[in-house]
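*Asks:* Let me give you the structure first, and then I'll get to my questions.
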Amino acid sequence: MTSVTEISASSPASDAEGGRPGHAGPAVSVIIPAKNEAENLRVLVREIAEALADMQFEVLVVDDGSDDHTDTVLAELEDAIGCVRHIRHETSAGQSAAVRSGLLHAMGDLVLTIDGDGENNPAYFRDMIAKIGDAGPGTALVAGQRLGRKASLAKRIASKAANRLRSSLLGDGVRDSGCGLKCIRRSVFLTLPYFDGWHRYLPALVLREGYEIAVVDVVDRQRRHGVSKYGIFDRALVGILDLCGVWWLRRRRKNLPSIREIKLGD
2 MTSVTEISAS
12 SPASDAEGGR
22 PGHAGPAVSV
32 IIPAKNEAEN
42 LRVLVREIAE
52 ALADMQFEVL
62 VVDDGSDDHT
72 DTVLAELEDA
82 IGCVRHIRHE
92 TSAGQSAAVR
102 SGLLHAMGDL
112 VLTIDGDGEN
122 NPAYFRDMIA
132 KIGDAGPGTA
142 LVAGQRLGRK
152 ASLAKRIASK
162 AANRLRSSLL
172 GDGVRDSGCG
182 LKCIRRSVFL
192 TLPYFDGWHR
202 YLPALVLREG
212 YEIAVVDVVD
222 RQRRHGVSKY
232 GIFDRALVGI
242 LDLCGVWWLR
252 RRRKNLPSIR
262 EIKLGD
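Numbering follows my numbering, in which position 64 of the sequence shown is assigned residue number 65; successive positions increment by one, without gaps.
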């Protein structure tokens with residue numbers, strides 16, 4: 002059964018819990034998939050550091066085959082604020098592959114994802130961390146849902162139609178699964194079946210594992226630099242195939258075991 006709770010997109014929370022005492026590594030890992038987003042990263046990474054200033058965190062920028070000056074910008078950011086890691090794909094493999102590479106290198110118990118174009122506001126991370134903490138271990142994902150999208154009218158219409166189709170087939174209860182802002186428990190993230198296009202179906206895949214999800218409304222922003230890497234029609238056919246695949250995966254996971262360990266005698 003789908004379980005989704007919501008909070009409003011007003012001002013981001015300011016009282017989220019900080020990193021865990023005694024935790025050797027970062028409590029939170031932020032993954033940014035990015036291709037040729039150097040100037041957007043220059044601002045975005047600093048915004049993330051400000052949003053998470055009182056927490057133990059790391060920022061993993063997964064450079065998906067960029068040929069701009071991303072390496073130089075990330076070196077400058079590491080010198081200025083620290084906690085920045087540069088994970089590079091020598092050739093572009095796509096957004097889902099970049100998110101997965103970040104996940105495999107992340108050290109935090111909670112993983113936050115955000116697009117590298119600057120359209121997502123990292124200030125909402127505070128809401129998401131607070132939400133998943135309040136919900137308890139049975140909730141594994143908090144997903145952002147965009148309000149006031151700044152994309153073209155054609156992209157907004159195409160996105161709304163795709164989301165309606167996805168929601169009707171998968172029953173994941175999420176209005177906007179394509180938003181880059183997500184907070185997910187890394188232990189659960191690692192169990193999800195991977196495929197290209199995976200990042201758009203995380204709510205349905207998390208529900209498939211028997212966990213609950215929650216959503217947070219977020220306000221979209223304008224891209225500051227560069228141009229979008231995605232068109233309307235270049236993902237349509239692949240998106241339909243992916244949707245059918247995720248529907249099949251959910252149908253094939255009907256029985257979830259209730260697991261406990263029985264302590265044996267000394």
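All C-beta atoms, glycine included, are put in the ideal place defined by N, C-alpha and C.
Tell me whether Thr71 sits in a helix, a strand or coil according to DSSP, three-state version.
*Replies:* helix
*Asks:* Does the beta-carbon distance from Ile185 to Val100 come in below 7 Å?
*Replies:* no
*Asks:* Are the beta-carbon atoms of Glu79 and Val85 separated by less than 7 Å?
*Replies:* yes
*Asks:* What do you reckon, is the C-beta of Glu213 under 6 Å from a heavy atom of the ligand FMN?
*Replies:* Summarising the ligand content, the structure contains no ligands, and the ligand FMN is consequently not present.
*Asks:* Tell me whether Cys180 is buried or exposed, calling it buried when 16 or more other Cβ atoms sit within 10 Å of its Cβ.
*Replies:* By the 10 Å Cβ count, Cys180 comes out buried.
*Asks:* Look at the Cβ atom of Lys183, then the Cβ atom of Thr114, and state whether they are nearer than 7 Å.
*Replies:* yes
*Asks:* Strictly by DSSP, which residues pair up with Ser169?
*Replies:* None; Ser169 has no bridge partner.
*Asks:* Could you spell out where the alpha helix (DSSP H) holding Arg127 opens and where it closes?
*Replies:* Phe126 to Ala136
*Asks:* With DSSP as the reference, label Leu61 as helix, strand or coil.
*Replies:* strand
*Asks:* Which class does Ala253 belong to by DSSP, given the choice of helix, strand or coil?
*Replies:* According to the sequence as given, residue 253 is Arg; it is not Ala. If DSSP states are grouped into helix, strand and coil, Arg253 belongs with coil.
*Asks:* Contact between the segment 184–203 and the segment 104–122: three or more CB pairs below 8 Å?
*Replies:* yes
*Asks:* Express the C-alpha separation of Trp199 and Ala163 in angstroms, rounding to a whole number.
*Replies:* 15 Å
*Asks:* Exposed or buried, Leu1, counting other C-beta atoms within 10 Å across all chains shown (16 or more means buried)?
*Replies:* Outside the displayed range of the chain (2 to 267) lies residue 1, so it cannot be described from this structure.
*Asks:* Buried or exposed, going by whether 16 or more other CB atoms sit within 10 Å of the CB of Ile130?
*Replies:* buried
*Asks:* By a C-beta neighbour count over all protein chains shown, 10 Å radius and 16 as the cutoff for buried, is Tyr212 buried or exposed?
*Replies:* buried
*Asks:* Measure how close the beta-carbons of Gln146 and Asp177 come, nearest whole angstrom, since I'm counting them as under 8 Å.
*Replies:* 4 Å
*Asks:* Pair every Cβ in the segment 49–68 with every Cβ in the segment 132–147, then say whether three or more of these pairs are closer than 8 Å.
*Replies:* no
*Asks:* Could you pull the start and end residues of the beta strand (DSSP E) that Ala54 belongs to?
*Replies:* No beta strand (DSSP E) holds Ala54; DSSP gives it neither H nor E.
*Asks:* According to the neighbour-count rule (16 or more other Cβ atoms, all chains shown, within 10 Å of its Cβ), is Asp1 buried or exposed?
*Replies:* Nothing can be reported for residue 1: it is not among the residues displayed for the chain, which extend from 2 to 267.
*Asks:* How would you write the range of the alpha helix (DSSP H) that Pro204 sits in, first residue to last?
*Replies:* Leu203 to Arg209
*Asks:* Quick one: give me the first and last residue of the beta strand (DSSP E) that Ser97 is part of.
*Replies:* DSSP places Ser97 in no beta strand (DSSP E) but in the uninterrupted alpha helix (DSSP H) bounded by Gln96 to His106.
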